[in-house]
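Undergrad:
Numbering (my numbering), first residue to last: 15 to 136.
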């Protein structure tokens, strides 16, 4: 019993250090070591070396965000296909059927997005 308690104490010590060291470095050492000389030029908006034109808070079309979200979703789903492809021969028919169900669901989502015109820019 005592052997297991020692193992958990080591884990607890490492957990505390893993949380305390980054927080200490960012909250305590950061403000002490960084240069801090604010000026009007440093606080102004930077826009490719030119004077900013107009308001920086302009509205974007929602379709750009939806397009980016679709890209992220399908990109992550491709990551799920890689382990299946590596172990394809060991999974057998069950693994093949499961992955085909997964791919069909992805295709249904893609067709839905295509019909809702999410994939069009303008």
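C-beta: ideal position from N, C-alpha, C; glycine also.
With H, G and I counted as helix, E and B as strand and the rest as coil, what does DSSP make of residue 103?
TA: helix
Undergrad: Where does residue 64 sit, in a helix, a strand or coil, going by DSSP?
TA: strand
Undergrad: Could you tell me the alpha carbon to alpha carbon distance between residue 57 and residue 51, rounded to whole angstroms?
TA: So the alpha carbons of these two residues sit roughly 11 Å apart.
Undergrad: So, with DSSP's three-state summary, where would you put residue 36?
TA: helix
Undergrad: Following the continuous alpha helix (DSSP H) through residue 55, name the residue where it begins and the one where it ends.
TA: 54-57
Undergrad: Could you give the first and the last residue of the continuous alpha helix (DSSP H) run that contains residue 47?
TA: DSSP places residue 47 in the uninterrupted alpha helix (DSSP H) bounded by 44-47.
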